[in-house]
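Below is one structure, written out as structure tokens, with a few remarks after it.
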Amino acid sequence: RLIERGTETEDTLTTRLGNAQAELDYGLAEGNFDAVVVNDDLDRAVEEFEKVVLGLYRKRT
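Mapping of the sequence shown onto full-length UniProt numbering: residues 1 to 61, in sequence order.
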């Protein structure tokens with residue numbers, strides 16, 4: 001998608017992809033977050049997000 005836009009150089013694409021990989025690795029490392037919701041399917045992501053939020057809410061009450 002970024003390539004088709006024509007707004008990024010090859011160097012900036014490489015940098016962005018490297019940053020994205022580092023962010024994914026951090027997000028998936030144990031202990032950094034309580035939950036990870038992958039937004040590759042909107043309906044499923046919303047369902048997972050709702051479960052996470054409701055679970056956190058129930059823990060506090």
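Each residue gets a CB set at the ideal place from its N, CA and C atoms; glycine is no exception.
Can you give me the C-alpha to C-alpha distance between ASN32 and ALA22, rounded to a whole angstrom?
13 Å
Could you pull the start and end residues of the alpha helix (DSSP H) that ALA20 belongs to?
10 to 28
So, under 8 Å CB-CB, GLU30 and VAL37 are touching, yes? Tell me the CB distance rounded to an integer number of Å.
Incorrect: roughly 16 Å between the Cβ atoms, too far for contact.
Helix, strand or coil: which one does DSSP assign to VAL38?
Residue state, collapsed to three classes: coil.
Terminal residues of the alpha helix (DSSP H) in which ARG5 lies:
2 to 5
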